[in-house]
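Residue numbers (this note's numbering): 495 to 965.
Every residue, glycine too, gets a C-beta built ideally from N, C-alpha and C.
Encoded as structure tokens, the structure appears first; notes follow it.
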Amino acid sequence: MRRSRFLLAGAGAMIAAALPRLSSRALASDTLDYTLTSAPLAFSPAPGVNFAGLAYNGTIPGPVLRLSHGQRLRAKFVNLSGQPATIHWHGMILPNKMDGVEGVTQAAVPTRESFLYDFTPDPPGTRWYHDHISDGVARGLFGLIIVEDPKDERADKEFALVFHDVPNLSTIEAAMNGVSTAPMVDPIGSPEMTQMQPDDKMGDEVAYVAHCINGASYPNTQKLAVKVGDRVRLRILNANPTQTRYVRLAGHRLTVTHSDGNRLERPLEVDALRVGVAERYDAYFEVTKPGAFLLQGLSSAPLAFQQAAVVYTEGMENAPPLSSPQTLQGVDYFTYEKAAGTGSTPVPKAAHHYTLGGGDYGSNKWKMNGKTYPNTDKIYVRSGDDVTVSFLNKTDMDHPMHLHGHTFLLTEVDGKPLARPLAKDTTLVRANGGTATWSFKADSPPGRWLLHCHNEIHMMDGLMTEVVYRP
Ligand code: C2O
Ligand code: CU
């Protein structure tokens, strides 16, 4: 029994890591037809962990969908999960009725029925797909979709890595009611930890029983083979439903080139990535020496060592890998301010403002301007409008705020205007007074586009609104 579960977990691990270039056959055809079937999966990525998961095509994460820019995707979703579901295409600009939000852009697909998602994925870059609204993401319904950009510089090797974690499901419910006892596990030296007061009683954290990369936990994660001299591209997604991930490769600096799939105006070299919930980062590194090096998710959870994979040069596969300490003290990690530079031109006052609140101990409400979805203030726009939105976070947790169907520019963070605004679809708004300002043009297909916190607990507890196009 256990063995067969391990094999299933292993299969998930094999699928996503090493990415071949698109086959010439795929390039030649204009349309990629694909079937995604969701169904229950007994998921056992580590000894003693038997998780009642849900999976696309039998693996957590689901298969990597890879297309060239301009190709059309026809993804048939077959729902055998036992609960109503949809698929949302995170980071895509697409017809509103393809956006996959139950009750907003489509009716939920009942179990045993199917739905055809048909669109031409745009913009290019590292994006993802996932279930929406219910606990589907926490249960395993997510995967990467990579739209190749012909303008990207070539890499000798490319690895797509989904950082994800297996929740203790009962703590999700407790967290939704604000009475969870799970601790905060951000690494020492992280802003989250530093802002913690010794007597903080939060009640909003989810506990995780296993930490994975591409469906497996260390030491069973797939090993990543490289050669000295290789320029290696990493595409990294944080699919954890609640926690920020810091990602570090021992012995190497990482050059970040894309954030949420969108190219940075200037690449940024760092020791570690900071990846908020639902964010993606593309980073390159050069293999300058032979060896074995751990690529790790850093946190202070006792099981943090599990979120690691070995990068090795020939013959070093079984050498003890170089690792990094589970701390951020003295570590030069990615921030929006470093990537964008801080400017001096003040950012004009945004037309739409949200103060993020709620989340008190024992409360099941997270609020925007004092209201919970669906009663939150909507943003009404007309096609062609220039839209600005600002956030002030008065709660004691960071919020990874996400807008569907648009790429916005992050123009301000914590009162600092950004010199080279970052093109993104999700940004962390820091706890305890953090701010962020977005600007975007309302030139997406008309419809109702969700704007919400991507922490699943906060979203389900009301931290959500909509950008609505008016005729
Ligand atoms: Cu990843 Cu509502 O989105
Ligand atoms: Cu939040």
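Residues of the same chain with a CB within less than 8 Å of the CB of Cys947, apart from the 5 flanking positions on each side, are Leu850, Trp860, His893, Pro894, Met895, His896, Met953, Leu957, Met958 in chain order. Under the three-state reduction of DSSP, Pro578 is assigned to coil, being neither helix nor strand.
If the five residues before and after Leu559 are omitted, its C-beta is found closer than 8 Å to the C-beta atoms of Leu526, Tyr528, Leu567, Ala569, Tyr623, Gly637, Leu638, Ile639, Ile640, all from its own chain and listed in chain order. Less than 8 Å separates the beta-carbon of His658 from that of Ala733. Residue range 525-537 is occupied by the beta strand (DSSP E) that includes Tyr528.
Residue pairing for Ile640: DSSP places it in a beta bridge opposite Arg560, Thr620.
In the three-state reduction of the DSSP assignment, Val841 falls in the coil class, being assigned neither a helical nor a strand state. CA-to-CA, the gap between Val769 and Ser884 works out to about 21 Å.
Between Ala766 and Val741, the beta carbon gap of about 6 Å places them in contact (Cβ cut-off 8 Å). DSSP, read as helix, strand or coil, puts Ala913 in strand.
With distances taken between CA atoms, Leu530 lies nearest to Leu635 out of Val595, Asp593, Leu635. Here Lys645 is exposed: its Cβ has fewer than 16 other Cβ atoms, across all protein chains shown, within 10 Å.
Arg739 counts as buried, since no fewer than 16 other beta carbons sit within 10 angstroms of its beta carbon.
According to DSSP, Ser933 shares a beta bridge with Thr882, Leu903. Set against 7 Å, the gap from the CB of His893 to the closest heavy atom of ligand 2 is smaller.
A direct Cα-to-Cα measurement between Met810 and Val603 gives close to 48 Å. Out of Ala676, Gln737, Glu780, Thr599, the CA that lies nearest to the CA of Tyr855 is found in Ala676. Scanning Gly837, Pro578, Phe609, Thr605 for the CA closest to the CA of Met592 turns up Phe609. Going by beta carbons, Ala669 and Val700 fall inside the 8 Å limit.
Residue side-chain check: Asn949 places its Cβ nearer than 7 Å to a non-hydrogen atom of ligand 2. Under the three-state reduction of DSSP, Ile951 is assigned to helix. Between Ser794 and Gln820, the CB-CB gap stays under 8 Å.
Using a C-beta cut-off of 8 Å, the stretch 861-877 makes no contact with the stretch 683-694, since fewer than three inter-stretch Cβ pairs fall below that distance.
Contact annotation: the stretch 865-873 does not touch the stretch 905-925, with fewer than three C-beta pairs closer than 8 Å. In the DSSP annotation of this structure, Gly630 is not part of any beta strand (DSSP E); the continuous alpha helix (DSSP H) holding it starts and ends at 630-633. Rounded to whole angstroms, the Cβ separation of Pro815 and Ala786 is 4 Å, and the two are in contact under 8 Å. Rounded to the nearest angstrom, the Cβ distance from Glu642 to His563 is 6 Å, consistent with a contact under 8 Å. The continuous stretches of alpha helix (DSSP H) do not include Ala710, and DSSP gives it neither H nor E. Annotation for Thr839: Pro911 place their beta carbon closer than 8 Å to its own, counting only its chain and skipping 5 residues before and after. Listed in chain order, the non-local C-beta contacts of Ser857 below 6 Å within the same chain comprise Gly672, local neighbours out to five positions each way being set aside.
Between Gln801 and the set Ala813, Leu788, Gly683, Pro940, the nearest pair of CA atoms involves Leu788. Ile873 is bridged by DSSP to Val961. Residues Ser794, Gln820, Thr821, Leu822, Gln823 of the same chain have their beta carbon placed closer than 8 Å to that of Ile682, with the five preceding and five following residues left out of the count. Judged by the Cβ position, His847 fails to qualify as a neighbour of ligand 1 at the 7 Å threshold, every heavy atom of the ligand being at least this far. Runs of the beta strand (DSSP E) spanning 3 or more residues and lying entirely within the stretch 751-809 occur at 756-764, 766-769, 774-780, 786-792, 802-807, in chain order. Here the distance from the Cβ of His952 to the nearest heavy atom of ligand 2 is below 7 Å.
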